[in-house]
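Protein sequences, first through last, are from chains G and W. Going by the working numbering, the residue at position 49 of the first sequence is 384; the numbering climbs one at a time, nothing skipped. Going by the working numbering, the residue at position 249 of the second sequence is 251; the numbering climbs one at a time, nothing skipped. One structure below.
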Amino acid sequence: MSLNEARTAELYRVMIRIRTFENAVRRLTKEGKIPARFGLYTGQEAVAAGVSVHLRKGDQIGSTHRALGHLIAKGCDLDKLMAELMGKETGFNHGKAGPYHTFDPSVGALGANGIVGGSVPMTAGYALADQLKTKRNVAVSYFGEGGSNQGGVQETLNLAACWKLPIVFVCENSSPEVQRMLGHEIDYPQLSIDKVSLRAKNYAMPGSTHIGWDIAEVYKASGKAIRRARAGKGPTLLEFKVHQLEGNLEGHLESNEKERQWDPIDILKQKIPRKVDELIRAEEAAKVQKAVDFALKSPEPTLDEAYACVYKEVD
Amino acid sequence: MSGREITFGQALNEAHLAEMEHDPKVIVFGENVSSQWREATKGLKEKFGRERVRDAPITETAFIGAGVGAAIAGYRPVVELMLVDFGLVAMDQILNQFAKSTYMSGGAVSVPMTLRVLTGAGTSSGATHSESLHGLFAHMPGLQVVIPSNPYDAKGLLIASIRDPNPKIFMEHRLLYPVKGQVPKESYEVPLGVANLVREGKDVTVVATSLMVQEAMKAADELKGKVSVEVLDPRTLVPLDEEAIVNSVKKTGRLVVVDEDYLHYGFSGEIVALAAEKALKSLESPPIRVATPNIPLPFNPKLEKELLPSKEKIITAIKQAAA
Chain G
336 MSLNEARTAE
346 LYRVMIRIRT
356 FENAVRRLTK
366 EGKIPARFGL
376 YTGQEAVAAG
386 VSVHLRKGDQ
396 IGSTHRALGH
406 LIAKGCDLDK
416 LMAELMGKET
426 GFNHGKAGPY
436 HTFDPSVGAL
446 GANGIVGGSV
456 PMTAGYALAD
466 QLKTKRNVAV
476 SYFGEGGSNQ
486 GGVQETLNLA
496 ACWKLPIVFV
506 CENSSPEVQR
516 MLGHEIDYPQ
526 LSIDKVSLRA
536 KNYAMPGSTH
546 IGWDIAEVYK
556 ASGKAIRRAR
566 AGKGPTLLEF
576 KVHQLEGNLE
586 GHLESNEKER
596 QWDPIDILKQ
606 KIPRKVDELI
616 RAEEAAKVQK
626 AVDFALKSPE
636 PTLDEAYACV
646 YKEVD
Chain W
3 MSGREITFGQ
13 ALNEAHLAEM
23 EHDPKVIVFG
33 ENVSSQWREA
43 TKGLKEKFGR
53 ERVRDAPITE
63 TAFIGAGVGA
73 AIAGYRPVVE
83 LMLVDFGLVA
93 MDQILNQFAK
103 STYMSGGAVS
113 VPMTLRVLTG
123 AGTSSGATHS
133 ESLHGLFAHM
143 PGLQVVIPSN
153 PYDAKGLLIA
163 SIRDPNPKIF
173 MEHRLLYPVK
183 GQVPKESYEV
193 PLGVANLVRE
203 GKDVTVVATS
213 LMVQEAMKAA
223 DELKGKVSVE
233 VLDPRTLVPL
243 DEEAIVNSVK
253 KTGRLVVVDE
263 DYLHYGFSGE
273 IVALAAEKAL
283 KSLESPPIRV
293 ATPNIPLPFN
303 PKLEKELLPS
313 KEKIITAIKQ
323 AAA
């Protein structure tokens, strides 16, 4: 299934939304309005957008510590998301989650996660529930190349294959050329192979590696895997090569010269009519501004909130 | 003492350098340990080479377990865990294999490994990046728990830990890293199991660990002239210097325990139980625990602060104990 013009614009819009939102997050963090620094998704937008476009509201995702793209693409409300990042009462989780633990069950966004690889076994549980409920829902489990090494991730690949779960494993490999942990001049590789998707064979599931900054490729590969899961044929391991880009604070959405070759937005822009591009940018900027205003105006949680929700209250 | 001041992080770095120099069986690994951004292990790879200083993938079970194995096989691994919360991924290797191999083997093997662990709240990092958890490790038979509160102890305790033949969890509060203090240039050991009398006093004994020693000292300073506060830092939770604590409680008759770890079933309860068992008749008021309630730490900085022990809460507790 290839991308028509309308679909392309729809995907472009989601990517612009993520990038615009994250640029606002950068600025607000610098201004101290967001109380802690955390990992962003800039440069990876095509993956979340291209995967999520195949998902239904009842489908679930499990995410990582770079969750904003996944959450936005799954349809999380921007106002509540921004409020959560500022630790406000009106956030999805009353300011308790912050960026690492955001949950929005209303759209199946079942968790950013602060532990590398931590969400992957849980996401198999969402897929198990989907299988038991027989509503043909599926789950998508996002993790990085570092997370792919975790025992819990490897165990879940096996479990999902044994139980033929309706799940798609999406590994975003942000260090695709060097097998080394990003941002660290370390001496030993962290992967013994150059493609995470090679692991799939050991668990008897399809696996393939794709260019994550090419939206058409993401769209096609994830569509195939998600349809397969929905049809009850079991899990797939997809790997998307990505580059985490620096982004900028000046409100520009395009990358600098050096990073341009990997910027999914810069690349896709060539296919979008200028008028459409301008309209999308303006509309998404307005939505993000609304979210920022909402979050800034929202109250802090009261101190009582610190003690609430340790256990589920019995009604 | 030389009068030379360095940070907690630099003190840890010096301990590594000294022990790697002193004993070729000392090896270092963990996530990004060869990175220039990891202060405690900075420069080790350049000095001692990539055989002895290794970066591990994000695979806590594998590299902590490999440390246990290398220790049993005759090396002295110093393994770094980026944050204590991440160690929960590797519970079997830590709580079963690391802790129990010596006993289970009837002494046929020993595990002279030091698992260095960064800990601590106060950075608005949320529930899986903020914990202390020393109580969890101290609970397990076989583990020794070392928890320095200043640069001098950091260096001396780490050297003593590396030389000791048993499994150590060596806990480093992140917010202590930039703290400066006097540290001798030469190598020295601070013995495991000996408490530090940080401040002498006669009215109230405050037992505190790690970053909370600093908070307790601020509280004691503020109460100067009103309440004479004795501050005791056990430095190691296992082995615990029971005598120092009991003697202090016998002297003052009043006890406050300050702990950043969770309140329930933890260090603070252990110290109060010790006072009840061995100094009950000396107690003139009920002991008070200032600890983090059993609540996961929230992201919002105000909510986080609400839950953590602080100078203000310690002052209130000391006044109540002294009343």
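Positions of the beta carbon are idealized from the N, C-alpha and C atoms, including for glycine.
Any idea which residues DSSP pairs Ser543 (chain G) with across the strands?
In the first sequence, residue 543 (chain G) corresponds to position 208, counting from 1. In DSSP, Ser543 (chain G) forms a bridge with G:Leu573.
For Met457 (chain G), the first and last residue of its enclosing alpha helix (DSSP H):
Start at 1 with the first residue of the first sequence, and residue 457 (chain G) comes out as number 122. In the DSSP assignment, Met457 (chain G) falls within the alpha helix (DSSP H) that extends over Ser454 to Lys468.
Assuming the contact rule is C-beta atoms closer than 8 angstroms, Pro114 (chain W) and Pro167 (chain W) should be a hit. Round their C-beta distance to whole Å, please.
Looking up residue 114 (chain W) in the second sequence gives position 112. Looking up residue 167 (chain W) in the second sequence gives position 165. Yes, Pro114 (chain W) and Pro167 (chain W) are in contact; Cβ-Cβ is about 5 angstroms, under 8 angstroms.
Tell me, please, whether the segment 105 to 113 of chain W touches the segment 147 to 163 of chain W by the rule of three or more beta-carbon pairs shorter than 8 angstroms.
These segments do not touch.
Taking C-beta pairs closer than 8 angstroms, name the residues in chain W that Leu638 (chain G) reaches, listed in chain order.
In the first sequence, residue 638 (chain G) corresponds to position 303, counting from 1. Using a Cβ-Cβ cut-off of 8 angstroms, Leu638 (chain G) is close to Lys304, Leu305 and Glu308 of chain W, given in chain order.
Shorter than 8 angstroms from the beta carbon of His18 (chain W) to some beta carbon of chain G?
As a first step, residue 18 (chain W) must be located in the second sequence, where it is residue number 16. Output row for His18 (chain W): interface = no.
Which residues in chain W have a C-beta closer than 7 angstroms to the C-beta of Tyr523 (chain G)? List them in chain order.
Here the question's residue 523 (chain G) lines up with position 188 in the first sequence. Chain-ordered, the chain W residues with CB closer than 7 angstroms to the CB of Tyr523 (chain G) read Arg56 and Asp57.
Contact with chain G by Lys228 (chain W), beta-carbon distance below 8 angstroms
Here residue 228 (chain W) refers to the residue found at position 226 when the second sequence is read from its first residue. Taking 8 angstroms as the threshold, the shortest C-beta distance from Lys228 (chain W) to chain G does not fall below it.
Using the beta-carbon of each residue, which ones in chain G are nearer than 8 angstroms to His131 (chain W)?
The residue you call residue 131 (chain W) lines up with position 129 of the second sequence. Chain-ordered, the chain G residues with CB closer than 8 angstroms to the CB of His131 (chain W) read Tyr435 and Gly449.
Taking 8 angstroms as the threshold (C-beta atoms), are Ala447 (chain G) and Thr399 (chain G) in contact?
Taking the first residue of the first sequence as position 1, residue 399 (chain G) is located at position 64. Taking the first residue of the first sequence as position 1, residue 447 (chain G) is located at position 112. Yes, they are a contact pair.
Roughly how many angstroms lie between the CA atoms of Gly404 (chain G) and Met457 (chain G), to the nearest whole one?
As a first step, residue 404 (chain G) is located in the first sequence; it is residue number 69 there, counting from the start. As a first step, residue 457 (chain G) is located in the first sequence; it is residue number 122 there, counting from the start. Rounded to whole angstroms, Gly404 (chain G) to Met457 (chain G) spans 19 angstroms at the Cα level.
Taking the C-alpha atoms as reference points, what is the distance between Arg291 (chain W) and Tyr523 (chain G)?
Against the second sequence, residue 291 (chain W) aligns to sequence position 289. Against the first sequence, residue 523 (chain G) aligns to sequence position 188. Roughly 45 angstroms between the two C-alpha positions.
Answer yes or no: does any C-beta atom of chain G fall closer than 8 angstroms to that of Ser126 (chain W)?
On the second sequence, position 124 is the one that residue 126 (chain W) refers to. By this cut-off, Ser126 (chain W) is an interface position.
Counting only beta-carbon atoms, is Gly430 (chain G) nearer than 8 angstroms to chain W?
Indexing the first sequence from 1 puts residue 430 (chain G) at position 95. Gly430 (chain G) counts as touching chain W.
Sequence-distant residues of the same chain with beta carbon closer than 8 angstroms to Ile615 (chain G), five excluded per side
Here the question's residue 615 (chain G) lines up with position 280 in the first sequence. Non-local C-beta neighbours of Ile615 (chain G) in its own chain, meaning closer than 8 angstroms and more than five positions away in sequence, comprise Ala344, Tyr347, Arg348, Ile351 and Ile607, ordered along the chain.
Closest by C-alpha distance to Lys148 (chain W), when choosing among W:Thr254, W:Val240, W:Gly203 and W:Lys304
Stepping through the second sequence from its first residue, residue 148 (chain W) is reached at position 146. The residue you asked about is not Lys; residue 148 (chain W) is Val in the sequence shown. Each of W:Thr254, W:Val240, W:Gly203 and W:Lys304 was checked against the Cα of Val148 (chain W), and the nearest Cα belongs to W:Val240.
Reduced DSSP secondary structure (H/G/I, E/B, other) of Cys411 (chain G):
Residue 411 (chain G) sits at position 76 when you count from the first residue of the first sequence. Taken through DSSP and simplified to helix, strand or coil, Cys411 (chain G) comes out as coil.
Determine, for Asn34 (chain W), whether the minimum Cβ-Cβ distance to residues of chain G falls below 8 angstroms.
Residue 34 (chain W) sits at position 32 when you count from the first residue of the second sequence. Taking Cβ atoms only, chain G reaches closer than 8 angstroms to Asn34 (chain W), which makes this a yes.
Report the residues of the segment 35 to 50 of chain W with a CB closer than 9 angstroms to any CB of chain G, ordered along the chain.
Taking 9 angstroms as the Cβ-Cβ cut-off against chain G, the residues of the segment 35 to 50 of chain W that qualify are Val35, Ser36, Ser37, Gln38, Trp39, Arg40 and Lys47.
Identify the residues that DSSP records as bridge partners of Asn198 (chain W): which are they?
As a first step, residue 198 (chain W) must be located in the second sequence, where it is residue number 196. Paired residue(s): W:Asp235.
Do the CB positions of Gln605 (chain G) and Gln379 (chain G) come within less than 8 angstroms of each other?
Taking the first sequence and counting its residues from 1, the one referred to as residue 605 (chain G) is at position 270. Taking the first sequence and counting its residues from 1, the one referred to as residue 379 (chain G) is at position 44. Cβ distance not < 8 angstroms, so Gln605 (chain G) and Gln379 (chain G) don't count as in contact.
Could you say which of W:Thr125, W:Ala293, W:Gly203 and W:Glu53 lies nearest to Asp223 (chain W) if we only look at CA atoms?
Translated into positions along the second sequence, residue 223 (chain W) becomes position 221. Measuring from the Cα of Asp223 (chain W), the nearest candidate turns out to be W:Gly203.
With DSSP as the reference, identify every bridge partner of Asp261 (chain W), one or two as the case may be.
What you label residue 261 (chain W) is simply residue 259 of the second sequence in a count that begins at 1. According to DSSP, which records beta bridges pairwise, Asp261 (chain W) is partnered with W:Ala293.
Anything in chain W within Cβ reach of Gly397 (chain G), meaning under 7 angstroms, just list it in chain order.
On the first sequence, residue 397 (chain G) is found 62 positions in, with the first residue counted as 1. In chain order: nothing, as chain W lies at least about 14 angstroms away.
Quick check on Thr238 (chain W): buried or exposed, where buried means 16 or more other Cβ atoms within 10 Å of its Cβ?
Reading the second sequence from its first residue, position 236 is the one you call residue 238 (chain W). The residue is buried, with at least 16 neighbouring Cβ atoms inside 10 Å.
Which two residues bound the contiguous beta strand (DSSP E) that contains His175 (chain W)?
Translated into the one-based positions of the second sequence, residue 175 (chain W) becomes position 173. It spans Lys170 to His175 - the beta strand (DSSP E) in which His175 (chain W) sits, taken as one unbroken run.
Take every Cβ of the segment 376 to 393 of chain G, pair it with every Cβ of the segment 499 to 510 of chain G, and state whether three or more of those distances are shorter than 8 angstroms.
Yes, the segment 376 to 393 of chain G touches the segment 499 to 510 of chain G.
Using beta-carbon positions only, say whether Ala221 (chain W) and Ile320 (chain W) come within less than 8 angstroms of one another.
By 1-based counting over the second sequence, the position of residue 221 (chain W) is 219. By 1-based counting over the second sequence, the position of residue 320 (chain W) is 318. The Cβ atoms of Ala221 (chain W) and Ile320 (chain W) lie closer than 8 angstroms to each other.
Cα separation between Glu191 (chain W) and Leu257 (chain W)?
Sequence index remark: in the second sequence, residue 191 (chain W) carries index 189 (1-based). Sequence index remark: in the second sequence, residue 257 (chain W) carries index 255 (1-based). Near 29 angstroms, if we compare the C-alpha coordinates of Leu257 (chain W) and Glu191 (chain W).
So is Arg609 (chain G) buried or exposed if we call it buried at 16+ other beta carbons inside 10 Å?
The residue you call residue 609 (chain G) lines up with position 274 of the first sequence. In this structure Arg609 (chain G) is exposed. Its beta-carbon is surrounded by fewer than 16 other beta-carbon atoms within 10 angstroms.
Exposed or buried, what is Glu459 (chain G) when buried is set at 16 or more other beta-carbons lying within 10 Å of its beta-carbon?
Along the first sequence, one-based indexing puts residue 459 (chain G) at 124. According to the sequence shown, residue 459 (chain G) is Ala rather than Glu. Label assigned to Ala459 (chain G): buried.
Looking only at its chain, what residues have a beta carbon closer than 7 angstroms to the beta carbon of Asp598 (chain G), apart from the 5 residues adjacent to it on each side?
Here residue 598 (chain G) is taken as the residue at index 263 of the first sequence, counted from 1. Gly378, Trp548, Leu580, Glu589 and Ser590.
Could you tell me which chain G residues have their CB closer than 8 angstroms to the CB of Phe88 (chain W), listed as they occur along the chain?
In the second sequence, counting from the first residue as 1, residue 88 (chain W) sits at position 86. Within 8 angstroms of the CB of Phe88 (chain W), the CB atoms of chain G belong to Ile450 and Val451, in sequence order along the chain.
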